[in-house]
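Numbering (the working numbering), first residue to last: 19 to 135.
Built from N, CA and C at the ideal position, the CB exists for glycine as well.
What follows is a short report on a single structure.
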Amino acid sequence: QAQLVESGGGLVQAGGSLRLSCKAPRMITSTFNPLTMAWYHQAPGKQRELVASITGSRGTNYVDSVKGRFTISRDNSRKTVYLQMDNLQFEDTGVYYCNTIARDLHWGQGTQVTVSS
């Protein structure tokens, strides 16, 4: 069973919304809860980049390009991190992954987001 499982991607028109989920099924709750988790975006032909992070106490940070459009949240009882993506733009296209802020878990397969203009 994978360490991280992302889902929720799809094809959407510019201005639309998606909600991504990332589950950590193998992790015990007491390990997951204090972790600072993050979402990463890998655009076609580019490196994977941090998009948003959330601490164990639910403090959040976002890169400037997604502020006001994306919202990261978590449900510790489900060992799940979410990324609500609103007002999607063409440049948001790519594969989205989750991991800790230290990137020290095995990467999942990611979930593809395609925004049509």
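If I follow the unbroken alpha helix (DSSP H) through Phe50, where does it start and stop? Thr47 to Phe50 is the span of the alpha helix (DSSP H), which, as asked, contains Phe50.
What does DSSP give as the partner residues of Glu67 in its beta bridges? BP columns for Glu67 point to His59.
Could you tell me the alpha carbon to alpha carbon distance between Asn51 and Tyr100, rounded to whole angstroms? 14 Å
When you compare the CB positions of Gly74 and Thr54, do they come within less than 8 Å of one another, or not? yes
Tell me which residue opens and which closes the beta strand (DSSP E) that Thr54 is part of. From DSSP, Thr54 is part of no beta strand (DSSP E); its letter is neither H nor E.
Apply the 10 Å Cβ neighbour rule to Ser6 and answer buried if 16 or more other Cβ atoms are within range, or exposed otherwise. Examination of residue 6 is not possible in this model, given that the chain is present from 19 through 135 alone.
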